[in-house]
Amino acid sequence: FLLKENIDLTNCDKEPIHIPGLIQPHGMLLAVTQDMDLRIMQCSVNTSEFLGQTPEELLGKSLIEIIGAEQMDQMLLEIKRQEQDPIDLHYMNFKIDVMGEISEFYGIIHESEDLIILELEPAEASTTPTISDFEWIQSFFRKMKQTENRIEASQLAAEQLKLMLDYDRVMVYEFDEQWNGKVIAEAKEQELEPFLGHHYPASDIPKQARELYLRNWLRTIVDVNYTPVKVMSLPNSENKPLNLSLSILRSVSPLHIEYLQNMGVGATLTISLIHENKLWGMITCHHYAPKYVTHRVRNLCNFLGNFFSSELFQRQQLDDYQSEIHVKSLANHVTSIFIGNTSSSKVMEQLELEQSALLEMMNASGAAVVYHNKTALFGKTPMIDQIHDLAAWMKHRSKEYVYYSSALSLEFEGAIPYKDIASGALYLALSSDYKDYIIWFRPEVVQVVHWAGDPEKAVLKENDGVRLSPRKSFEKWKHVVQSTSLPWKSRELRSLGDLKTIILRQTENQRRQAEEESQ
Ligand code: BLA
C-alpha cells in the first residue's frame, strides 16, 4: 500500500482504505487491550461530544471505569460467544453515565489484531416502525417467492428496500467477470433520472474495496460532506494505525467521497451480495441529503441481503437451465434444416425463412452460411469478401471444427473495419473439408449498450474540474470494453454439438457414395 499523499486516480487500488486513521462523526470509537485491564489505547477525538470526557482523559484508563463491571462482563461474554458461533461483529446496548446522567448507546464490538474495538452510537430515540420487522421479512420473502426470474427478483428487492429504508434511489449492481458493473434493477423517486442499464468500469470499486466488502457486508455513509474525526493513540504507545476493516464508522476514501459529491449524492448505504465467498454484486442506496439508518434496520438489511443473495443465485441457475434448453431446441431445429432438405437451395431457402432461429440460438446479430458453394447472409454481417477472408483465417485456428473470439479485431487485423458489427465471431465448419461453414457475429458491446438516461445528465457539476463522475466512468468503461463483444458462453458452445452431426451425416453420405461408385 502507498502513503495516502501518493494516491491519485491512476493507483487508487493501492489506497490503504482499511487504515484511514479517521472515522465518520456520527459515532465514537474506543480501542482497548484484550487483557482483563481493557485499557483504552486509542480513541476518536470526538469523545467529549458523546461521553463528556476528552481523549486525554480517556486514554490509558480502563474501559471498566466508563461502562462499569457489569456491562464489561456482558461484553466479554458476548465476545466469548464467538467460539461457538463464529461471527465478526457483536452488538450490545450500553447505558453509560455521562456527567451524572445515564445515556443509552448502541455498541458494536469486534476484534482488530490485538485490540478490541468498541464503536458507540447514540441509541435511537424510540423508533416506532409502522409495521413490525417480522412483517417486513414475511412480506419480502413472500413477494420474492412469487417472482419468476432473476431480473424480476432484483427489481422486487430494490422496490422493497426503497419502501423500507426510504432512500431516494436503490439499485442492484452486478459485476461481470472483469469486475465491471451494471445496474440491473432500480427503484427511485420519480423525478430522478434513471441509472438502470448503466455500466461502470471495475476501477469504480477498486480491488481492495471489494475485498473489504466481502468481509464487511453493510456500510453507510451518513453524510457525504462530513468532516472526518481523527483516531488518536495513547502517548508513548506503539501508535500503530488501527485496522478498521470491520469498523462500522470507518472513514471513507476521499476519492469515493469526491465521486459521490460530484454526483450530488448526500448519503449512501450499500449491502454486499455474496455467493460462495464471491462478491457478485451490491445493493447500493443513494439519498440526496444526509441520512442515518438505525442499527436495528441495518441488521435487518444485512439479513435480507443474505437471503436475497442466495435466492438470486438459485434463480440464476434456473434461468441458465431454461435458456440452455431453449438454445438446444433452436440448435436442433437449425440442424434439421440442413439434414432434412436434400438440395442446397432448399436449405438456403429454409434458413432464410427461419433466420431468427439461426441468430437466436447464438444470441447473434448476424450470421453467414456458406453451403455447397452458395453464400447467404442474415442480419448484420461484414461483406461477402470479408467473410471469405475471415473464414480462411478462422479455419486454421479451429479445433474440432470450431473457433470463436470475443475480441476479433484485436486478433485479426482484417476485422478492424467491421469491428462495430462483428467484434465477436463464432465459426463452425459444416464439412470435413471446411468448404461449408456458418459464422455467427456479435457487435461491439459499446454499440449495443443503452444508457437509460443521457450520461451527460449524470454529471451535476459540469466544469472541467470534475475528476470523478459517472460520465467519466462511462468513458472509461467504454475504453475498457472497446473492440469486444459479449462473451460466447459455454452453454451456447455446447449447442454446437447438435450441428456437428451435419458433418457426420455428410461424411457418412460421402463414404456410402464412394462405396456405391466402386461397386
Ligand atoms: C467505493 N464505489 C465504492 C462503492 C461504490 C462505488 C458503490 C462502495 C462504497 C459505498 O458507497 O458504500 C461505486 N456507486 C458506485 C457506482 C455506482 C454507485 C459505480 O452508486 C453506480 C450507480 N471510485 C472511482 C474511481 C476511484 C474510486 C475512479 O470512481 C479511484 C480512482 C475509488 N470507490 C473508490 C474507493 C472506494 C470506492 C477507494 C472504497 C471506499 C471506502 O470504502 O473507503
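Numbering (the UniProt record's numbering), first residue to last: 23 to 541. Glycine included, C-beta positions come from ideal geometry on N, C-alpha and C.
What separation, rounded to the nearest whole angstrom, lies between the Cα atoms of residue i and residue j?
i	j	result
V350	D226	Residue 350 is actually Lys in this sequence, not Val. The alpha-carbon atoms of K350 and D226 are separated by roughly 38 Å.
D35	H278	12 Å
E170	E78	59 Å
M50	S161	35 Å
L73	N115	15 Å
A480	V392	Residue placement at A480 is poorly supported in this model, since its pLDDT is 46, which falls under 50; the coordinates are not used for a value here.
A224	S505	17 Å
H132	E433	51 Å
L508	A444	11 Å
R371	G401	Sequence inspection shows Glu at residue 371; the Arg mentioned does not correspond to that position. Their Cα atoms are separated by approximately 15 Å.
E71	Q339	51 Å
State the start and end residues of the unbroken beta strand (DSSP E) segment that holds residue i.
i	result
H309	K300 to H309
C65	I62 to S66
N115	H112 to V120
S176	Looking at the DSSP string, S176 is not in any beta strand (DSSP E); the run it does join, the alpha helix (DSSP H), is R172 to L187.
Y459	Y459 to R464
L240	L240 to I243
L99	From DSSP, L99 is part of no beta strand (DSSP E) but of the alpha helix (DSSP H) over I86 to K102.
residue 19	Residue coverage of the chain in this structure runs from 23 to 541, which leaves residue 19 outside it and unanswerable.
M50	M50 to T55
Assuming contact is defined by CB atoms lying nearer than 9 Å, are residue i and residue j in contact in what I supplied?
i	j	result
N247	Q200	no
L412	G436	yes
A390	I406	yes
I139	S269	yes
H308	R191	yes
L296	W239	Before going further, note that residue 296 is Ile rather than Leu in the sequence given. A contact, by the Cβ cut-off of 9 Å.
H40	N265	yes
D520	T357	yes
K184	K210	yes
R318	E146	yes
I305	A175	no
Can we count residue i as close to the ligand BLA, meaning its CB is less than 8 Å from some heavy atom?
i	result
Y355	The sequence shown places His at residue 355, not Tyr. No, the Cβ of H355 stays beyond 8 Å of every heavy atom of the ligand BLA.
F217	yes
S495	yes
R241	yes
I296	no
S275	yes
T292	yes
T306	yes
C323	no
E260	no
L282	yes
G82	no
residue 548	Not covered by the structure: residue 548. The range shown for the chain is 23 to 541.
H278	yes
E37	yes
G43	no
Is residue i near the ligand NAP, going by C-beta to nearest heavy atom under 8 Å?
i	result
D226	What this structure holds is the ligand BLA, not the ligand NAP.
Along the alpha helix (DSSP H) that carries residue i, what are the first and last residues, could you check?
i	result
I525	L518 to S540
Y343	H317 to G362
F72	T69 to L73
S431	L430 to E433
For residue i, which of helix, strand or coil comes out of DSSP?
i	result
Y248	coil
P144	strand
E484	For E484, the predicted structure reports a pLDDT of 46, less than 50, and the residue's modelled location is therefore unreliable. A value from the coordinates is still provided. E484: coil per DSSP, three-state reduction.
E199	coil
A379	helix
I131	strand
G388	strand
residue 542	Residue 542 lies beyond the residue range present for the chain, which begins at 23 and ends at 541; the question has no answer from this structure.
Y235	helix
K204	strand
S154	coil
H297	strand
A474	Residue confidence is low: A474 scores 41 on pLDDT, short of 50, so the model does not pin down where it sits. Its coordinate-derived value is still stated next. Residue state, collapsed to three classes: coil.
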